[in-house]
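Engineer: The structure that follows is given in the form of structure tokens.
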Amino acid sequence: MRKKTGLLLIILLLIYVTIALFPRFPNHKGSNPLRRASEMPLLIAHGGGNKEFPDNTLEAFYHAYSIDPGMMLETDVSLTKDGVIILSHDTTLDRKTNLVQASIYDIEYQTLVDQEVDFSYQNPVTPSSNGYNVT
306 MRKKTGLLLI
316 ILLLIYVTIA
326 LFPRFPNHKG
336 SNPLRRASEM
346 PLLIAHGGGN
356 KEFPDNTLEA
366 FYHAYSIDPG
376 MMLETDVSLT
386 KDGVIILSHD
396 TTLDRKTNLV
406 QASIYDIEYQ
416 TLVDQEVDFS
426 YQNPVTPSSN
436 GYNVT
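Here's what the structure looks like:
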């Protein structure tokens, strides 16, 4: 019990010190911190810009970069049960596979390979103008 109490006190002290020393943002008084000095809004390509190319793919990231090299790229990272990195917006597999109520975290990578899971090109959706199937 003493160890738990001591650990709790140390954690609380670390939290307090972190908050006390953390740099505070100045009061912007109506200005938007997500705008550059030129007042252009920062652009974030969700899933790499997933309306033009399949989300979380190199094609999507390259395309977003070609539009604006200063654009922020956002991606979704998950780990399979056996620790393999998967890029997928959904952590459940219902929408893109026939694995009902399955989570990426609960499935081993080989199971995804055996199911022929394709998070981009083989989904039954209307092809976009660039020839890629985009959900």
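Count the sequence shown with the working numbering and you get residues 306 to 440, in order.
We put the CB at the ideal spot given by N, CA and C, even for glycine.
(1) Can you tell me which of the three DSSP states isoleucine 412 falls into?
(2) Using DSSP's beta-bridge definition, name the partner residues of alanine 350.
(3) Check threonine 397 in the structure and name its three-state DSSP category.
(4) So, are the CB atoms of leucine 392 and isoleucine 412 less than 8 Å apart?
(5) Helix, strand or coil for leucine 404, going by three-state DSSP, please let me know.
(6) When the Cα atoms are used, what is the spatial distance from histidine 368 to valine 382?
(7) Using CA coordinates, which residue listed in Asp395, His394, Val389 is at the minimum distance from valine 418?
(8) Using a 10 Å radius around the Cβ and a threshold of 16 neighbouring Cβ atoms, would you call isoleucine 324 buried or exposed?
(9) What's the C-alpha gap between glutamate 357 and aspartate 395?
(10) Closest to isoleucine 372 by C-alpha separation, out of Gly354, Glu379, Asn403, Thr362, would be which residue?
(11) Could you name the residues of the same chain whose beta carbon sits closer than 8 Å to that of asparagine 403, not counting the 5 residues immediately before and after it, in chain order?
Structural biologist: Put simply:
(1) coil
(2) BP columns for alanine 350 point to Leu378.
(3) Strand.
(4) No, they are not a contact pair.
(5) coil
(6) Between the alpha carbons of histidine 368 and valine 382 lies a gap of roughly 20 Å.
(7) Val389
(8) Only exposed fits isoleucine 324, as fewer than 16 other CB atoms lie within 10 angstroms of its CB.
(9) Taking the straight line from one Cα to the other gives about 18 Å.
(10) Gly354
(11) Gln420
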